[in-house]
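Asker: Here the protein sequences line up with chains A and B, keeping their order. Under my numbering, the residue at position 109 of the first sequence is numbered 117, and the numbers go up by one with no gaps. Under my numbering, the residue at position 99 of the second sequence is numbered 104, and the numbers go up by one with no gaps. Each residue gets a CB set at the ideal place from its N, CA and C atoms; glycine is no exception.
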Amino acid sequence: MTIVIPAAPAPPPRKYGIDFTKPVLYGFAVILCVLILLPLSWLFLYSLTDAKGALTLANFYRLFTESSFYDPLVTTFIIATSSAVICCAVAAPMGWLVARTDLPFSGVIRALVTASFVTPPFLGAIAWEVLAAPNSGLLNKIFRSVTGADQDVHLFNIYSIEGIIFVISCYTFPYVFVLVANSLDRTPGELEDASSILGGGRWYTARRVTIPLVLPALLAGALVAFLQAMTLFGSPAILALPAGFHTMTTKIWSLFQYPPKPELAAAASLPLLILTVFLLRAEHMILGRRGYSVVGGKYGQPRLIPLHGMRWAAFLICVLVLTLPVFLPYAALLNAAFSPVATTFVTFKNATMHNIYFVLFELSAASLALKNTVILGTATATIGTTIAVVIAYVTARQAVTGWRVLGFLATAPIAIPGIVLGVGLFLSYTRPPFVLYGTLWILLIAFVTIALPSAYQQLQAAFRTIHPELEDASRILGATRLRSLWEITAPLLRTGVIATWCFIFVGVMRELSAAIILFTSETKVISVLIYDLNESGDLGAIAVIGIGMLLITFAVVTAVNRIPGFGNVRFRT
Amino acid sequence: MAKKLSKRDVLKGAGALGLSAFAVRVSAAPVAEAVTPALIEAAKKEGKLFFYTAMDLQFAETLGKAFETKFPGIAVRVERSGAERVFQRIGQEYASNIHACDVVNTADQAHCIIWKRNGWLQPYMPEDVARHFDKRFFDPEGHSITTRILISPFGYNTDLVKKEDAPKSFKDLLDPKWKGKMVKAHPAYSGTIMNSTYQVARDLGWDYFVKLAAQNVMQVQSATDTPKRISLGERAIMVDGAGYLVIRNKEAGQPVDIVYPEEGTPIATSPSAVFKDSPNPNAARLFQNWMHGREAQQILVDYARQYSPHDQAVEHPGVRKLGDIKLMKEDPEAILTQADDVKKRYAEIFKV
Chain A
9 MTIVIPAAPA PPPRKYGIDF TKPVLYGFAV ILCVLILLPL SWLFLYSLTD AKGALTLANF
69 YRLFTESSFY DPLVTTFIIA TSSAVICCAV AAPMGWLVAR TDLPFSGVIR ALVTASFVTP
129 PFLGAIAWEV LAAPNSGLLN KIFRSVTGAD QDVHLFNIYS IEGIIFVISC YTFPYVFVLV
189 ANSLDRTPGE LEDASSILGG GRWYTARRVT IPLVLPALLA GALVAFLQAM TLFGSPAILA
249 LPAGFHTMTT KIWSLFQYPP KPELAAAASL PLLILTVFLL RAEHMILGRR GYSVVGGKYG
309 QPRLIPLHGM RWAAFLICVL VLTLPVFLPY AALLNAAFSP VATTFVTFKN ATMHNIYFVL
369 FELSAASLAL KNTVILGTAT ATIGTTIAVV IAYVTARQAV TGWRVLGFLA TAPIAIPGIV
429 LGVGLFLSYT RPPFVLYGTL WILLIAFVTI ALPSAYQQLQ AAFRTIHPEL EDASRILGAT
489 RLRSLWEITA PLLRTGVIAT WCFIFVGVMR ELSAAIILFT SETKVISVLI YDLNESGDLG
549 AIAVIGIGML LITFAVVTAV NRIPGFGNVR FRT
Chain B
6 MAKKLSKRDV LKGAGALGLS AFAVRVSAAP VAEAVTPALI EAAKKEGKLF FYTAMDLQFA
66 ETLGKAFETK FPGIAVRVER SGAERVFQRI GQEYASNIHA CDVVNTADQA HCIIWKRNGW
126 LQPYMPEDVA RHFDKRFFDP EGHSITTRIL ISPFGYNTDL VKKEDAPKSF KDLLDPKWKG
186 KMVKAHPAYS GTIMNSTYQV ARDLGWDYFV KLAAQNVMQV QSATDTPKRI SLGERAIMVD
246 GAGYLVIRNK EAGQPVDIVY PEEGTPIATS PSAVFKDSPN PNAARLFQNW MHGREAQQIL
306 VDYARQYSPH DQAVEHPGVR KLGDIKLMKE DPEAILTQAD DVKKRYAEIF KV
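Here is the structure:
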């Protein structure tokens, strides 16, 4: 469509002579480069040197010849692939049910998915240890007492590769769910109506209209799930050692034991990085130019498909699935918090307040860790959202030359396991000119970098669905790019921005892998505290802290969604 | 006097190494120090203390609280993880010029040797140590003091295993009936296990671990975790770990008991040290002094069920006397040179 502008009269002179867009955008580009390129450069450098600093390829040679390295590589690949498949298989139908059907209490289902999303994977893993350890697990105990089976017989064994895949899927599927459900939420009903009016049946419409519209989100979800599972440290750190194998992340962590071998760790992380870059390229090629601007100046409410008699059955299935990441683990944590021994069922007779007393009055590291976590969560969420908005805008609107590079940089950290990023940052910021180790700053940088990819992808998806015609109109009427961004785009993005803020805050609570490298006694965070407690097997204290952590998270998510003036925003993660 | 004799010996023709060792010994003979009101006052001004330790968290916090009660106004913050991780942490912090640790308690004597060699430790000799500790329990120059003596016996869950069926020796653990029923801690995380792994490998050969690994042993990190796993009933037998926790849990009514293996029980003496660049130097000295005094050492015996090097600590019935247990021989100097090799071989054998 061509817009014809009348030749006369001449446009009024602009009030603001300078467009600050470019300097601001380039400023962000520089920040991003420093954030990501500095640690990555150190990693590359280290991977190509030996312990003395001489150039060598020996690290890579060891990586692909020693079974202690390529076994974890294979294990990680199996875990990531299986988790991604399971996540899509569970999350896509659930997302569709919630977004496009008249499923009863769909708000409850969304809230439960949110709950499983905000549950830190390491906490979930510990809870599932209490539930499904082969001998002491509560579920196995129930199984034995119901069937009268022998002590050696067990139904579940969480200390196995299947167990790890299961736990990782429990806390990764929300990523896929959110992408699918949000995409379906935004798909206007008119398109489907048009199909129906033209004679397309319900399934034909789904196959030819709805599914193609949601496919980009599903593919992106599968990719995110794969990458999450591949780079996750929390769950494997809890379960892999007792299960008797390493994943890449736990292997890399073990390389930092004394004497640290950062050069090997750097080399070990590069296959993950290369695989990720390859996957991102593949996604791009599959989706090609297929992007859909579905929110233009006009908007149609999505049309809900009646499920009729299947309504309650569908609801029940959703709740049953969500029992696994939410109800059962939370119940296990509650049991552990009040039980004398974590895997003994609490009764009125044996219930104890000891764990709560211990955490509140004896555990000397707790209050500082809590304070640090809240400070870091708030700061990371605010800074991370700001950066993500700007970069998502730049790439969505191709506002500066080199926007592709920016987009790549913002996505790149997802390929770096947090633990490796931690080391990269450690190498970067323990030497002049930036000596940040031992301060909260280094953790802030780590958390912002880690949060950036998903925040960026979320906001970019949000931008993609807002057609530039609205901004174009504003600019044609004389506003600068920044002004139209502020007055037109920002209000439209409000929901997405708030969701992203919460997303990052929650992400900081969950983050363990980089923190475990970067913390000092003064800058300890809750996740590290829980990891230390797990090392010494203090399950009762973990349960109390974990429940406290979840309560804080829920409080923040609820509060942010209810800030007056922000309107009634539905938080969709 | 012995000192003069050694001086003459050295002068007679010992090498430069002996000479320098002698020179250090004479120059740094520490003066035993009491807890003075001035020290307490200065410590209270600092108001806080960072205690890095490998001891069981519950015990460490109890010790910290007892100190806070005795000296109000000085908050003890406990940083607990396995001794090998404590060692890694301090190394990482010191490499970046972060001097956060006041007092450290590790379970691996080799650590103190390395820190001392690096010049990181502050010689400090509390009065009680000079008076009531045997010489083998402190560094002659006062850089480190043995706080507690740990042993790493077997443990078992009495609900799952009858007393007469419980394994009596390391050899018994290779019986196929224990396959999949044992839990073991890891020498890359725990100092106690670094000691026990070295001692068992030395006395029984690495081949023993190869056979043990074929028994499908569950692997955890800390020596303080294995006792909890048998309390949970997750595994029937604890191959190694903190014996004191099994005793504590047994006395708390949990279905667990201890076995001293026939071949000998691995031992680890656990030293503490004050850091030279300690941010709270007075509080650090006060804590180090108090921790090795009668009161804290008695808490160690009564509450934590560990062995005290203090000759006035009163034994608490229910624990076999250290002298009555057949112990393996501790060798920190060997661990100093072989720790990396131990970790590497262990990882190859157990795959983690």
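Give the DSSP-derived three-state secondary structure of ARG70/A in the structure shown.
Answerer: helix
Asker: For ILE134/A, report the span of its alpha helix (DSSP H) as first-last.
Answerer: 129–140
Asker: Comparing the C-beta of GLY248/B with each C-beta of chain A, is any distance below 9 Å?
Answerer: Not an interface residue.
Asker: Grab me the residues of SER177/A's own chain with a C-beta within less than 7 Å of its C-beta, minus the 5 sequence neighbours each way, in chain order.
Answerer: Same-chain partners within the cutoff: SER91, ILE94 and CYS95.
Asker: Exposed or buried, HIS292/A, counting other C-beta atoms within 10 Å across all chains shown (16 or more means buried)?
Answerer: exposed
Asker: Just mark ILE95/B as buried or exposed, buried being the case when its beta carbon has 16 or more other beta carbons within 10 Å.
Answerer: buried
Asker: Going along the chain, which residues of its own chain have a beta-carbon closer than 7 Å to the beta-carbon of ALA66/A, five neighbours each way excluded?
Answerer: ASP58
Asker: Using the C-alpha atoms, what's the distance from ASP160/A back to SER144/A?
Answerer: Computed Cα separation, rounded: 11 Å.
Asker: Count the other CB atoms, across all protein chains shown, that sit within 10 Å of the CB of GLY545/A; report buried if there are 16 or more and exposed otherwise.
Answerer: buried
Asker: Can you tell me whether VAL408/A is helix, strand or coil according to DSSP?
Answerer: Coil.
Asker: Alpha carbon to alpha carbon, how far is PRO266/B from ARG240/B? Give it in angstroms, no decimals.
Answerer: The C-alpha of PRO266/B is placed about 18 Å away from the C-alpha of ARG240/B.
Asker: What would DSSP say about PRO572/A, mapped onto helix, strand or coil?
Answerer: Summary for PRO572/A: the model assigns pLDDT 47, below 50, so the residue's position carries little reliability; its value from the coordinates is reported in the next sentence. In the structure shown, PRO572/A sits in coil (DSSP, three-state: anything other than H, G, I, E or B).
Asker: Which residues of chain A have a Cβ atom closer than 8 Å to the Cβ of GLY238/B, listed in chain order?
Answerer: The answer, in chain order, is ASN143, SER144 and THR351.
Asker: For GLN259/B, which three-state DSSP category applies?
Answerer: Three-state result, GLN259/B: coil.
Asker: With distances taken from CA atoms, which of VAL184/A, VAL188/A and LEU451/A is nearest PHE234/A?
Answerer: VAL184/A
Asker: Would you mind listing the alpha helix (DSSP H) stretches within the stretch 118–146 of chain B that are 4+ residues and don't spill past its ends, in chain order?
Answerer: Within the stretch 118–146 of chain B, the complete alpha helix (DSSP H) runs of at least 4 residues are 132–137.
Asker: Mind pulling the chain B residues with CB within less than 9 Å of LEU371/A?
Answerer: Simply LEU62, GLU66 and VAL83.
Asker: In the structure shown, what three-state DSSP assignment does GLU170/A receive?
Answerer: helix
Asker: Taking 8 Å as the cut-off, does the CB of PRO181/B come closer than this to any heavy atom belonging to the ligand SAH?
Answerer: The ligand SAH is not part of this structure, which contains no ligands at all.
Asker: Please report the distance separating the alpha-carbon of ASN287/B from that of PRO35/B.
Answerer: 17 Å
Asker: In chain B, which residues lie with their C-beta within 7 Å of the C-beta of TYR78/A?
Answerer: Residues of chain B passing the Cβ test: none, with the nearest at roughly 13 Å.
Asker: Grouping DSSP H, G and I as helix and E and B as strand, with all else coil, what is PRO276/B?
Answerer: strand
Asker: Just checking: is the beta-carbon of SER153/A within a distance shorter than 9 Å of some beta-carbon in chain B?
Answerer: no
Asker: Tell me the DSSP secondary structure of GLY207/A in three-state form.
Answerer: coil
Asker: Kindly indicate which three-state DSSP category PHE366/A falls into: helix, strand or coil?
Answerer: helix
Asker: Tell me which residues of the stretch 100–117 of chain B have at least one Cβ-Cβ distance to chain A shorter than 7 Å, keeping chain order.
Answerer: SER101, ILE103 and ALA105
Asker: From PRO131/B to SER201/B, what does the alpha carbon distance come to, in whole angstroms?
Answerer: 30 Å
Asker: Do we get a CB-CB distance below 9 Å when we pair LEU165/B with the residues of chain A?
Answerer: LEU165/B counts as touching chain A.
Asker: Output yes if chain A places a C-beta closer than 9 Å to the C-beta of ARG234/B; else output no.
Answerer: yes
Asker: Taking the alpha-carbon of GLU530/A as reference, which of LYS379/A, GLU74/A, PHE323/A and MET102/A has the nearest alpha-carbon?
Answerer: LYS379/A
Asker: So within the stretch 212–254 of chain B, which uninterrupted alpha helix (DSSP H) runs reach at least 4 residues, ignoring any that extend past its ends?
Answerer: You should have 231–237.
Asker: Just the Cα atoms here: how many angstroms apart are THR41/B and ASP208/B?
Answerer: 47 Å
Asker: Could you give the distance in angstroms between the alpha-carbon of THR394/A and the alpha-carbon of GLY115/A?
Answerer: Those two C-alpha atoms are separated by around 28 Å.
Asker: In this structure, does DSSP put ASN162/B in helix, strand or coil?
Answerer: strand
Asker: Roughly how many angstroms lie between the CA atoms of ILE354/B and GLU74/A, to the nearest whole one?
Answerer: 14 Å
Asker: Along the stretch 258–291 of chain A, where does the CB come closer than 9 Å to a CB of chain B? Name the residues.
Answerer: THR258, SER262, PHE264, GLN265, TYR266, PRO267 and PRO268
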